[in-house]
Amino acid sequence: MIGRLNHVAIAVPDIATAVALYRDALGAPASDPVPQPDHGVTTVFIELPNTKIELLEPLGEKSPIASFLERNSAGGIHHICYEVADIAEARDRLLREGLRVLGDGEPKTGAHGKPVLFLHPKDFNGTLIELEQA
Ligand code: CO
Numbered sequence: 054m055i056g057r058l059n060h061v062a063i064a065v066p067d068i069a070t071a072v073a074l075y076r077d078a079l080g081a082p083a084s085d086p087v088p089q090p091d092h093g094v095t096t097v098f099i100e101l102p103n104t105k106i107e108l109l110e111p112l113g114e115k116s117p118i119a120s121f122l123e124r125n126s127a128g129g130i131h132h133i134c135y136e137v138a139d140i141a142e143a144r145d146r147l148l149r150e151g152l153r154v155l156g157d158g159e160p161k162t163g164a165h166g167k168p169v170l171f172l173h174p175k176d177f178n179g180t181l182i183e184l185e186q187a
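This is the structure we're talking about:
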């Protein structure tokens, strides 16, 4: 059911420092930072030949990554995102398998402007998984 690895998201305390690391030390092209108030994060995408790295910095008072950064002050891998052809079909299949979809189960518009869902990390080996409709 799942397709390509769309991105690996890394929560960072300071996005400018993280971008400089990827751009200057690793030689990777980086997008401009995009504040996403609806998601409580500022994002930068690092384009790699086969996938993307999504750098996430907290934005605003109630950022969904604030508690993660409290536990991981240097940052860390926050989630990985797999593409699916049909997100509603993917959700229904996962629910039938007894797996948990976070929130109300309805896809939301993600950082790429496409429908996304998140799956409970306790059901997936301690990894927060984002599904994005390709
Ligand atoms: Co993501």
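When you read off a place in the sequence shown, starting at 1, and then add 53, the result is the number in our numbering. Backbone N, C-alpha and C fix where the C-beta goes; we use that ideal spot for every residue, glycine too. Predicted model, so just to flag it, every value in this text is computed and none were measured.
- In this model, Ala-143 and Val-137 are separated by some 7 Å (Cα to Cα).
- When rounded, the separation of the alpha-carbon atoms in Gly-113 and His-92 is 10 Å.
- When the beta-carbon positions are compared, Arg-153 and Asp-139 stay at least 8 Å from each other.
- Counted as a single uninterrupted DSSP element, the beta strand (DSSP E) harbouring Leu-172 occupies residues 168 to 172.
- The ligand CO approaches Gly-163 closely enough that one of its heavy atoms is under 7 Å from the residue's Cβ.
- If only uninterrupted beta strand (DSSP E) runs of at least 3 residues are considered, those enclosed by the segment 134 to 185 are 168 to 172.
- Annotation for Thr-95: no alpha helix (DSSP H) segment contains it, though the beta strand (DSSP E) segment containing it runs 94 to 100.
- With a 10 Å radius around the Cβ and a threshold of 16 neighbouring Cβ atoms, Asn-59 comes out buried.
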